[in-house]
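In the numbering used here, the protein residues as written are 2 to 124. For every residue, glycine included, the Cβ atom is placed at its ideal position computed from N, Cα and C. Computed from a prediction, not measured in an experiment: that's the story for all the values here.
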Amino acid sequence: MTVSSVDQRAAQMGWQPTAVPSQKIIDDVLGVKRVERFSGGWMLAGMLLGILIGFGVKGTAAVDGPFGADAEMMGFVVGALSLLAAAGSVGLALASLPLYRRLPQLMRFSMTNMLMIIVLVLS
């Protein structure tokens, strides 16, 4: 193509060199994704559930704990549910790692949950 034919084609399209592209076109070209607004609800739910599970696990591990070896039937049930929930929390935290891009709220929930369980068990 020669320079004159390029100018003729640009004139036929109505292209003007001073035209400014819209923000949508710029975002599409650059591949900019929309930013998700941060919501602390998932972190709060993970924190509360982690506190409950952490106290249950701490109650099974403590020497005179209410859910330990000297507990009655209700204590055994609560202790078993606490240990099962702690194992499920570990599995959920590991499963949320590869899903972070698609489900960031799951990552927030599970990591806050695990943090609270670990803090309570180690205290």
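Item, Value
"Could you please give the first and the last residue of the uninterrupted alpha helix (DSSP H) stretch that includes G55?", "G42 to A62"
"Using only the alpha-carbon positions, how far apart do L85 and R103 sit?", "27 Å"
"Taking the alpha-carbon positions, what's the R109 to Q9 distance?", "56 Å"
"Relative to the C-alpha of S111, which residue among S124, A87, I27 and A12 is closest?", "A87"
"One question on the structure: do I52 and S83 come within less than 7 Å of each other, judged by their Cβ atoms?", "no"
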